[in-house]
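> My numbering applies: residue 1201 is where the sequence shown begins, and numbers increase by one. Note that beta-carbon positions come from the ideal geometry of N, C-alpha and C, so glycine has one too. Before we start, here is the structure in question, set down as structure tokens.
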Amino acid sequence: MPLVELVRLPNGVEAELLRGRLESAGVHAVCFDAGMNIAESVGLMIPVRVMVLDEDLAEAQALMEEFGAG
């Protein structure tokens, strides 16, 4: 059960909000690189990746469409 990238978001707050909404809908999700932007006001932005199980990708994409997050 490999993890695949669902989306990249510009900051950890957005990524964690999406992760929480996915989890509440029953789709396990994790955020990668969320701690990389310690100083988010600095111009060096590293996108936060929201990852889901390969088998949950289609469902997660449908939920994102429903949430208006994508």
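Using only CA atoms, which one of Gly1226, Ala1234 and Val1230 lies nearest to Leu1263?
Among Gly1226, Ala1234 and Val1230, the Cα nearest to that of Leu1263 belongs to Gly1226.
> Classify Val1250 as buried or exposed, calling it buried when 16 or more other Cβ atoms lie within 10 Å of its own Cβ.
Buried, because 16 or more other Cβ atoms sit within 10 Å of the Cβ of Val1250.
> Please classify Gly1220 as buried or exposed, where buried requires at least 16 neighbouring CB atoms within 10 angstroms.
By the neighbour-count rule (16 or more Cβ atoms within 10 Å), Gly1220 is not buried but exposed.
> Where does Val1213 fall in DSSP's three states?
Helix.
> Which value, in whole angstroms, describes the spacing of the CA atoms of His1228 and Met1245?
Spanning the two alpha carbons is a distance of roughly 25 Å.
> For Met1251, write down the residues that DSSP places opposite it in a beta bridge.
The partner list for Met1251 (beta bridge, DSSP) reads Glu1205 and Val1230.
> Report the CB separation of Leu1209 from Val1248 in whole angstroms; it is logged as a contact under 8 Å.
That belief holds up - the Cβ atoms of Leu1209 and Val1248 are roughly 5 Å apart, short of 8 Å.
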